[in-house]
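Peer 1: The sequence shown: position 219 = 610 (our numbering), numbered continuously.
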Amino acid sequence: FEGLVVQLMVTAQDAEFLNRATNAFTALPSTVFGDAEGGIVRWLSEKETIDGRLGAIVQLWVTGTGKKATAKFYEQLGRRMRQGILVVPTTAVFDYYPGTTEFKFNMMDNVGHCGDGYEWIVEKFNRKLINVPIMMGYDFLIEENISYAKGVMGGNLWLFCDSVESGIKVGREGVKILAELDDVCTTFDVCSAGSKPVPPDAKYPEIGPSTNHPFCPTLKDKLSPNEFEVPAG
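(1) Sort Thr456, Cys505, Pro622, Ile559 by Cα distance to Cys582 and report the nearest one.
(2) Strictly by DSSP, which residues pair up with Asn497?
(3) Taking the alpha helix (DSSP H) that Phe619 falls in, what are its first and last residues?
(4) Give every residue of the same chain whose Cβ lies closer than 6 Å to the Cβ of Gly585, excluding the five residues on either side of it in the sequence, and list them in chain order.
(5) Restricting to Cα atoms, I'd like to know which of Ile568, Glu556, Gly394, Glu428 is closest to Thr578.
(6) According to DSSP, is Ala403 part of a helix, a strand, or is it coil?
(7) Which of the three DSSP states is assigned to Glu510 in this structure?
(8) For Thr602, does the three-state DSSP call read helix, strand or coil?
(9) Quick one: what's got a C-beta closer than 6 Å to Arg518's C-beta in the same chain, skipping five residues either side?
(10) Note down the Cα distance separating Leu532 from Pro524, rounded to an integer number of angstroms.
(11) Residue range of the alpha helix (DSSP H) that Val555 falls in?
(12) Residue range of the beta strand (DSSP E) that Lys349 falls in?
(13) What is the DSSP secondary structure of Ile448, counted as helix, strand or coil?
(14) Would Val397 pass as a contact of Thr417 if the rule is Cβ separation under 8 Å?
(15) Hey, would you say Glu466 sits closer than 8 Å to Asn501, going by beta carbons?
(16) What span of residues does the beta strand (DSSP E) with Glu428 cover, start to end?
Take a look at the structure:
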């Protein structure tokens, strides 16, 4: 389905801080609850990044493309940036959208003003960055304008396997192949729990999308043959 996406480069002094920042920014996929979801496209060496430090390319998505979706995206992007990356020592964030787009988020209102009015614009690496002063003495840097664009999200590859072990093995190989592609992230990696759309007569609508029960192997003896859809074997 259609959504909005940003693609960023996150850098840090070392792997520990980089892992912490990228995992915090992309954790808890929750577009089904009207939130955002993200993923890691790939990891970068010092030779591949804008500032010569270890880095990663990450994406963040929301569903929809209209004004409400755009406003929600700006808010969610700011929240994840402030609480997931800015708080991790030595981090910096750069726009890394792969193409050209007319759509830009100015990051001053949702991130820059964490500096409480003491933030300022600097020019480094041929880019305009917001410098947010923080207590450790190594200020947080984020590119002033971040590109966003329409994209396709939510793709699934269903695997019908003869055991849990074979499913995990094949799933991991599939994720490895996708990890070699540019501009693609696997938000859920190998996902064990596919869901179905919320029907009007849902038993527990407050849960949101629930388990796709016709495709749960352990329900074979609890569903009618017409309802159970896991292929034999």
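A virtual CB, placed ideally from N, CA and C, is assigned to each residue, including glycine.
Note that the structure is predicted; figures quoted are calculated from it, not measured.
Peer 2: Taking the coordinates as given:
(1) Here the closest residue by C-alpha is Ile559.
(2) Paired residue(s): Asn536.
(3) Where Phe619 is concerned, there is no enclosing alpha helix (DSSP H), given that its DSSP letter is neither H nor E.
(4) The beta carbon of Gly585 sits closer than 6 Å to those of Asn603, all from its chain and outside the five residues before and after it, given in chain order.
(5) Here the closest residue by C-alpha is Glu428.
(6) Strand.
(7) Correct three-state label for Glu510: coil.
(8) When secondary structure is reduced to three states using DSSP, Thr602 falls in the strand class.
(9) The residues Glu534, in chain order, have a CB closer than 6 Å to that of Arg518 in the same chain once the five nearest residues on each side in sequence are set aside.
(10) C-alpha separation (whole angstroms): 9 Å.
(11) For Val555, the enclosing alpha helix (DSSP H) begins and ends at 555-570.
(12) This structure gives no information on residue 349, because the portion of the chain shown stretches from 392 to 624.
(13) DSSP places Ile448 in strand when its eight states are reduced to three.
(14) No, they are not a contact pair.
(15) Cβ atoms of Glu466 and Asn501: closer than 8 Å.
(16) Bounds of the beta strand (DSSP E) holding Glu428 are 428-435.
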